[in-house]
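Participant:
Protein chains: 2
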Amino acid sequence: MDEILLKKYADVENCPVRNVLDRFGDKWSTLVLLVLDDVAVIRFNEIHKMIDSISQKMLAVTLKSLEADGLIIRKQYPEIPPRVEYTLSERGASLIPHIKSLVQWANANFEDITKSRAAYKK
Amino acid sequence: MDEILLKKYADVENCPVRNVLDRFGDKWSTLVLLVLDDVAVIRFNEIHKMIDSISQKMLAVTLKSLEADGLIIRKQYPEIPPRVEYTLSERGASLIPHIKSLVQWANANFEDITKSRAAYKK
DNA sequence: TCTTTGACTTACCAAAAGTAAGTTAATAAC
DNA sequence: GTTATTAACTTACTTTTGGTAAGTCAAAGA
Chain A
17 MDEILLKKYA DVENCPVRNV LDRFGDKWST LVLLVLDDVA VIRFNEIHKM
67 IDSISQKMLA VTLKSLEADG LIIRKQYPEI PPRVEYTLSE RGASLIPHIK
117 SLVQWANANF EDITKSRAAY KK
Chain B
17 MDEILLKKYA DVENCPVRNV LDRFGDKWST LVLLVLDDVA VIRFNEIHKM
67 IDSISQKMLA VTLKSLEADG LIIRKQYPEI PPRVEYTLSE RGASLIPHIK
117 SLVQWANANF EDITKSRAAY KK
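Chains A and B are the protein sequences, given in the same order.
According to the working numbering, the stretch in the first sequence is residues 17 to 138, in order.
According to the working numbering, the stretch in the second sequence is residues 17 to 138, in order.
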């Protein structure tokens, strides 16, 4: 194994792959993006209903980081009680096909994977 | 928002998207797969050198779960000190293009995202 | 006999995520 | 004119997940 390959994934700063996976390899980001793609416009509590297993705390954190990355747009109305609407940005929308291709693969292979996992008992 | 959409991502069991993301949305799986794709055959300690930020513990856990899912193949030689070689399975290999398409997107958008994130200060 | 070697485990500690309660301010109900 | 309600979050606390460093195992070499 040569030296260049050895260093390729070594440190986070200089490794684009690491940068990507650190950003989207979290538990909720991709799922939230898929939901936004599905509904176009959606409010905080509606997302929470659709993904009932996410906590409000983590939904807030996830939305904030997606907004910071410019993947979603947050529009707040000056009303009380507050109304906030989330939509995909263009950048976010351009990511969707790539995520969906992953999901398709997973759907196609889900059964086999589940069988493998059941057979593997150690 | 209609009822069907509301339920779509609701619970883990019945949601294929959730199943996928729970499986590959962990911190290390995709990166390990990419490394295996890069080198074809590789030993435990070599992976650890290439991804120096992963702990031995998590590398062991990750490899075990990838093996359980039938995405990688573990070949152990009856030697001492032990020798274990890891390779992608066919199933694992079929996943690689989808991961790479995500990585390409990320490379293309990395700079802009970094700028957005820097500009976002709250 | 003692050290080295590679692929892991284990015990302990730190960081991330989950839970449930609290905050805010205007309108509605009593 | 208090009290309750409402949406989008925070905060304090607990649990789960991941990181660190040391330990294990068995043969071959010094």
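Idealized CB from N, CA, C, for every residue including glycine.
It should be emphasised that the depicted structure is a prediction, and the values quoted were computed from it without experimental measurement.
(1) Express the C-alpha separation of N35(B) and S105(A) in angstroms, rounding to a whole number.
(2) Can at least three beta-carbon pairs, one atom from the stretch 111-131 of chain B and one from the stretch 113-124 of chain A, be found at a separation below 8 angstroms?
(3) Hey, could you find the ends of the alpha helix (DSSP H) V100(B) is sitting in?
(4) Is the shortest distance between the beta-carbon of H114(B) and the beta-carbons of chain A less than 8 angstroms?
(5) Measure the alpha-carbon distance for K80(B) versus V100(A) and round it to whole angstroms.
(6) What is the rounded straight-line gap between the Cα of L47(A) and the Cα of F40(A)?
(7) When burial is assigned at 16 or more other CB atoms within 10 Å of the CB, is K102(A) buried or exposed?
(8) Under the three-state reduction of DSSP, which class applies to K91(B): helix, strand or coil?
(9) State yes or no: is the beta carbon of F126(B) nearer than 8 angstroms to at least one beta carbon in chain A?
(10) Please report whether the beta-carbon of Y93(B) lies at a distance below 8 angstroms from any beta-carbon of chain A.
(11) What residue from Y93(B), T130(B) and P94(B) has the CA that sits closest to E83(A)'s CA?
(12) DSSP state of I58(B), grouped into three classes?
(13) Could you check where the alpha helix (DSSP H) with S81(A) kicks off and where it finishes?
(14) For the candidate residues R59(B), K137(B), L37(B) and D53(B), whose alpha-carbon lies nearest to that of R90(B)?
(15) With a cut-off of 8 angstroms on the beta carbons, I'd call S132(B) and G108(A) a contact; round off their distance for me.
(16) Do you know offhand how far D54(B)'s Cα is from C31(A)'s?
(17) Decide if S71(A) is buried, meaning its Cβ has at least 16 other Cβ atoms within 10 Å, or exposed.
(18) Go ahead and label I96(B) buried or exposed: buried means 16 or more other beta carbons lie within 10 angstroms of its beta carbon, across all protein chains shown.
(19) Is the CB-CB distance between L37(A) and I88(A) below 8 angstroms?
(20) Quick one: what does DSSP say K131(A) is sitting in, helix, strand or coil?
(21) Quick one: which chain B residues come within Cβ less than 9 angstroms of Y136(A)?
Facilitator: This is what the structure gives:
(1) By one-based count along the first sequence, residue 105(A) stands at place 89. By one-based count along the second sequence, residue 35(B) stands at place 19. Whole-angstrom Cα-Cα distance: 26 angstroms.
(2) yes
(3) Within the second sequence, the letter at position 84 stands for residue 100(B). It is not in any alpha helix (DSSP H) - V100(B) instead sits in the beta strand (DSSP E) that spans R99 to L104.
(4) The residue labelled residue 114(B) in the question sits at position 98 within the second sequence. Closer than 8 angstroms: yes.
(5) Working through the second sequence from its first residue, we reach residue 80(B) at position 64. Working through the first sequence from its first residue, we reach residue 100(A) at position 84. Roughly 43 angstroms between the two C-alpha positions.
(6) Residue mapping note: residue 47(A) aligns to position 31 of the first sequence, counting from 1. Residue mapping note: residue 40(A) aligns to position 24 of the first sequence, counting from 1. So the alpha carbons of these two residues sit roughly 10 angstroms apart.
(7) In the first sequence, residue 102(A) corresponds to position 86, counting from 1. According to the sequence displayed, residue 102(A) carries Tyr and not Lys. So Y102(A) ends up on the buried side.
(8) Position 75 of the second sequence, counting from 1, holds the residue named residue 91(B). Correct three-state label for K91(B): strand.
(9) Taking the second sequence and counting its residues from 1, the one referred to as residue 126(B) is at position 110. F126(B) counts as touching chain A.
(10) For this step, residue 93(B) is matched to residue 77 along the second sequence. Judged by the 8 angstroms Cβ criterion, Y93(B) is not in contact with chain A.
(11) Along the first sequence, one-based indexing puts residue 83(A) at 67. When only C-alpha atoms are compared, the closest one is T130(B).
(12) Locating residue 58(B) in the second sequence gives position 42, counting from the first residue. In this structure, I58(B) counts as strand in the three-state DSSP scheme.
(13) Counting from 1 along the first sequence, the entry for residue 81(A) is found at position 65. First-last of the alpha helix (DSSP H) with S81(A): Q72 to A84.
(14) By 1-based counting over the second sequence, the position of residue 90(B) is 74. When only C-alpha atoms are compared, the closest one is R59(B).
(15) Numbered from its first residue, the second sequence carries residue 132(B) at position 116. Numbered from its first residue, the first sequence carries residue 108(A) at position 92. That pair is no contact at about 11 angstroms.
(16) The count along the second sequence starts at 1 and reaches residue 54(B) at position 38. The count along the first sequence starts at 1 and reaches residue 31(A) at position 15. If you take the alpha carbons of D54(B) and C31(A), they lie about 15 angstroms apart.
(17) Translated into the one-based positions of the first sequence, residue 71(A) becomes position 55. So S71(A) counts as exposed.
(18) The residue given as residue 96(B) occupies position 80 in the second sequence. Exposed, since its Cβ has fewer than 16 Cβ neighbours within 10 Å.
(19) In the first sequence, the residue the question calls residue 37(A) occupies position 21. In the first sequence, the residue the question calls residue 88(A) occupies position 72. No, Cβ-Cβ distance for L37(A) and I88(A) is not below 8 angstroms.
(20) On the first sequence, residue 131(A) is found 115 positions in, with the first residue counted as 1. Note: K131(A) maps to helix in three-state DSSP.
(21) Working through the first sequence from its first residue, we reach residue 136(A) at position 120. K80, E83, A84, D85 and G86, listed in chain order.
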